[in-house]
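Here is the structure we will look at.
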Amino acid sequence: MNEVKTCSCDTGSATALAVGNYKNRTRLLVLLGIGLALWIVIYYWLQPAADFLTYNVFKLSASSRLGSSVAFFIYDAPKVILLLLLIIFAVGVIRSFFTPERTRQMLAGKREFMGNVIAGGLGVVTPFCSCSAVPLFIGFMETGIPVGVTLSFLIASPMINEVALVLLYGMFDWEIALIYLVTGLAIAITAGWVIGKLKIEKYIESWVLDVKMSQAATTEESGMAFTDRIYYGLNAVREIVGKVWPFVLAGIAVGAVIHGYVPEGLLASFMGKDTWWSVPAAVVIGIPMYSNAAGVIPVVQALMEKGAALGTALAFMMAVVGLSLPETIILRRVLKWQLIGVFIGVVAIGIIIIGYLFNLLM
Amino acid sequence: MNIKILGTGCAKCHSLEKTVKEVVSNLKLDAQVEAVNDMKEILTYNILTTPGLVINEKVVLSGHVPNKREVERILMNAQSSEDKC
């Protein structure tokens, strides 16, 4: 975009660079191939290796409490970490195709309901961290994207998170992961749409409407090279797995203890599907709790094993992951508290409805 | 060279600031590094995601924390275009 730099600072090295890139690319592909092969081998040897360790090396019996706890941990912890490595990498590569700038372009001029649907979908794949919620919000408003559509985007992004998807797939099955994806999207789309219908633009802080972003194009990201995308994915792995692994291990450890020591059916009485208040209670407890999905899901899985209903467990997880205190505080800078209240209320009601629905269906 | 780090105090912004300062002192660049925390000022640079890295009033990067090598490359480029042009 910037043609001011007319000096030919970097033309000479262009060919040398291209050759270097080509070499790098081959080496990268070979390394990736080796990594993938190793991954597959380890993944398939995990169960026998874990069994061998628990029952032969540690000499624990499969029917003892300690034995079943330890077996649970030794098998699940590496399995989940392995899944995280692979899937975060894949998601990272996919995300390198989506930038917030491009998302904004795609949403500009979209009608309300369709806009909410697209915003929800893009919220899942567009990378951004919660500290960017404010500039994103204002940037979207500037382009004339309706508040409701913007909120659909901002709800979908934390609600449907790739770590949660991996864990649900790894610890339950793909059906539960899919249910989570679809219901999370449904909540983001409807909540944003409902808030848009309420016509509460006046509860946006007034300074937001005064901001005039310079209309100049932002840093134009000209198409990334293939190797850049791979590095982007690897970077995502380093950043995300590097951050969540302690939570994952802690969550699985707690889950392992529940798995071994809590009697079957204990939780059915107050987290079961016949307890009408369990869903709202789970949401109310979940909202102020702030943990990432990585820590919650192993615990939720163990709870379900002991009689907690799927809807209740799902509602708890979504409340913890989707509505976080830090993000709300950040959003408070641009939204008056009335709108924050509506925001939390609408999302919470959505989660409660989903919870009841699943308790009823399953 | 004038370097600005745009960010409202999140962990990523701090880590970008740290990296940039390290690189500047390692390469012995003649540069002022300044952290911009004010949201309104940040928004005048028209970025959607923080942290942002601005060199001589031009946004060179936003939304992710680059590693040291990448920062080195960016700063060296900025330096050489400043020298030659």
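Protein sequence lines, in the order shown, are assigned to chains A and B. The number in our numbering is simply the position in the first sequence, starting from 1, with 11 added. The number in our numbering is simply the position in the second sequence, starting from 1, with 6 added. Just so it is clear, CB atoms sit at the ideal spot from N, CA and C, and this is done for glycine as well.
>> By the three-class DSSP mapping on this structure, what secondary structure does LYS64(B) have?
In response: Residue 64(B) sits at position 58 when you count from the first residue of the second sequence. Shown here, LYS64(B) sits in a strand according to DSSP, grouped into three states.
> Who are the neighbours of ARG115(A) on chain B, taking C-beta pairs under 7 Å?
Replying inline: The residue given as residue 115(A) occupies position 104 in the first sequence. Result: LEU54.
> Alpha carbon to alpha carbon, what distance is there between GLY276(A) and THR55(B)?
Replying inline: For the purposes of this step, residue 55(B) is taken as residue 49 along the second sequence, with counting starting at 1. For the purposes of this step, residue 276(A) is taken as residue 265 along the first sequence, with counting starting at 1. Distance between the alpha carbons of THR55(B) and GLY276(A): 47 Å.
>> Using only CA atoms, which one of GLY134(A), PHE100(A) and LEU220(A) lies nearest to GLU112(A)?
In response: The residue given as residue 112(A) occupies position 101 in the first sequence. Considering only alpha carbons, the answer is GLY134(A).
> So, does the CB of THR25(B) fall closer than 8 Å to a CB anywhere in chain A?
Replying inline: Within the second sequence, residue 25(B) is the residue found at index 19, counting from 1. Chain A contact via Cβ: absent.
>> Please classify THR201(A) as buried or exposed, where buried requires at least 16 neighbouring CB atoms within 10 angstroms.
In response: Numbered from its first residue, the first sequence carries residue 201(A) at position 190. Flag for THR201(A) reads buried.
> With contact counted as at least three CB pairs below 8 Å, one residue from each stretch, are the segment 16–28 of chain B and the segment 118–130 of chain A in contact?
Replying inline: Below 8 Å, too few C-beta pairs join the segment 16–28 of chain B and the segment 118–130 of chain A to call them touching: fewer than three.
> Cβ of VAL77(B) less than 8 Å from any chain A Cβ?
Replying inline: Sequence index remark: in the second sequence, residue 77(B) carries index 71 (1-based). Chain A, which has no Cβ nearer than 8 Å to the Cβ of VAL77(B), makes this no.
> Once you ignore the five residues that flank ILE53(B) on each side, which residues in its own chain have a CB closer than 7 Å to its CB?
Replying inline: Working through the second sequence from its first residue, we reach residue 53(B) at position 47. Residues LEU12, VAL65 and SER68 of the same chain have their beta carbon placed closer than 7 Å to that of ILE53(B), with the five preceding and five following residues left out of the count.
> Closer than 8 Å, CB to CB, is GLU275(A) near chain B or not?
Replying inline: Sequence index remark: in the first sequence, residue 275(A) carries index 264 (1-based). Cβ-Cβ to chain B under 8 Å: no for GLU275(A).
> If you follow the beta strand (DSSP E) that ASP39(B) is part of, which residue opens it and which one closes it?
Replying inline: Here the question's residue 39(B) lines up with position 33 in the second sequence. This sequence places Val at residue 39(B); Asp is not what is there. Segment 38–42, the beta strand (DSSP E) holding VAL39(B).
>> Under 8 Å, with one C-beta from each stretch per pair, do the segment 162–176 of chain A and the segment 196–211 of chain A reach the 3-pair mark?
In response: Yes: at least three Cβ pairs fall under 8 Å.
> Could you check where the beta strand (DSSP E) with ILE9(B) kicks off and where it finishes?
Replying inline: Within the second sequence, residue 9(B) is the residue found at index 3, counting from 1. According to the DSSP assignment, ILE9(B) belongs to the beta strand (DSSP E) that extends over 8–12.
> Looking at ILE211(A) and VAL353(A), is the spacing between their C-beta atoms short of 8 Å?
Replying inline: Here residue 353(A) refers to the residue found at position 342 of the first sequence. Here residue 211(A) refers to the residue found at position 200 of the first sequence. Going by C-beta atoms, VAL353(A) is nearer than 8 Å to ILE211(A).
>> Beta carbons nearer than 7 Å to chain B: which residues of the segment 143–161 of chain A have them?
In response: If the cut-off is 7 Å between Cβ atoms, the segment 143–161 of chain A has SER143, VAL145, PRO146, LEU147, ILE149 and GLY150 near chain B.
> To the nearest angstrom, how far is it from the Cα of THR14(B) to the Cα of CYS142(A)?
Replying inline: By one-based count along the second sequence, residue 14(B) stands at place 8. By one-based count along the first sequence, residue 142(A) stands at place 131. So the alpha carbons of these two residues sit roughly 8 Å apart.
> How do the segment 259–278 of chain A and the segment 52–72 of chain A stand: do at least 3 beta-carbon pairs fall below 8 Å, yes or no?
Replying inline: At 8 Å Cβ cutoff, the stretches do not touch.
> By the criterion of Cβ-Cβ separation under 7 Å, what are the contact partners of LYS74(B) in chain A?
Replying inline: Position 68 of the second sequence holds residue 74(B). At a beta-carbon threshold of 7 Å, none of the residues of chain A lie near LYS74(B); the nearest stands roughly 13 Å away.
> Between the segment 98–123 of chain A and chain B, which residues of the former have CB atoms less than 7 Å from a CB of the latter, in chain order?
Replying inline: Hits within the stretch, in order: PRO111, GLU112 and ARG115.
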